[in-house]
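In the working numbering, the protein residues as written are 858 to 1104.
This is how it looks when you write it as structure tokens:
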């Protein structure tokens, strides 16, 4: 009996040592897998050491991949962080399945292109934009969602301060920038100057999603400026863009 107890105590001590070591090494995926083995939730009878190690490593890699995706989604500050393009297949028949499949690849980021989402209020434009953002995060692209007036106010507040360069760097270089409530009201000449500091740099660094309730054909008329910048700004956003209209 003493020998049996000693063996059991040794096993418990060994398991504790392994789990403590895995915690120090920050390998929670492998910890979970090992705990499942101990509790009998994972059957390793008949498996060799190589198979068990392979499954442990695969579990940890999957956890890290999911963890990074969740971190990117959290940092993206999406209005609908749980939005999924797949949910639109049944809920929104206005978007063909092939279009959803194409959008989910987020190729507009590498192309430095603009995606324009148009629709009436409550038509699902923000949800679609956020679903695209989630897809970008799943592909490990840094993403940021912002409403137009929030971005404008931030740029106004930071203008002339040390924070301005940092703010511009964020909006200019983030791989996927999503701007909601875009061109729903008149844009002043001063606003145009600020927005050009962002929009003119977007094609060099990533893709841009513009969500609006106003048709792009009317955007130029909403820019209250008679300079040549109005036309070039309009062309930057619309030439070669992908247009999605919801009703």
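Note that beta-carbon positions come from the ideal geometry of N, C-alpha and C, so glycine has one too.
For residue 889, which of 1018, 965, 912, 973 has the nearest alpha-carbon?
912
In DSSP terms, what residue 1067 is bridged to
973, 1036
Assign residue 933 to buried or exposed, taking buried as 16 or more other Cβ atoms, counted over all protein chains shown, within 10 Å of its Cβ.
buried
Taking Cβ to Cβ, would you say residue 942 is nearer than 8 Å to residue 961?
yes
Just how far apart, CA to CA, sit residue 1002 and residue 909?
42 Å
Taking 8 Å as the threshold, find out whether the region 967-974 comes into contact with the region 1059-1073 through three or more Cβ pairs.
yes
Just how far apart, CA to CA, sit residue 1078 and residue 1071?
11 Å
Looking only at C-alpha atoms, which of 964, 952, 925 sits nearest to residue 981?
952
Just to confirm my understanding: we take residue 875, look at its own chain, exclude 5 residues before and 5 after, and list those with CB closer than 7 Å. What are they?
891
Report the start-end ranges of each alpha helix (DSSP H) in the region 900-935 that is 4 residues or longer and not cut off at the edges.
906-933
What does DSSP give as the partner residue(s) for residue 1080 in the beta ladder?
1044
List the DSSP bridge partners of residue 1100.
973
Any idea what DSSP makes of residue 1016, helix, strand or coil?
coil
Residue 883, enclosing beta strand (DSSP E) - first and last residue
Careful: residue 883 lies outside any beta strand (DSSP E) and carries neither H nor E.
State yes or no: is the C-beta of residue 865 within less than 8 Å of the C-beta of residue 886?
no
With burial defined as no fewer than 16 other Cβ atoms inside 10 Å of the residue's Cβ, what is the status of residue 990: buried or exposed?
buried
Sub-8 Å separation of residue 1033 and residue 993 beta-carbons
yes
So what does DSSP say about residue 1001, is it helix, strand or coil?
strand
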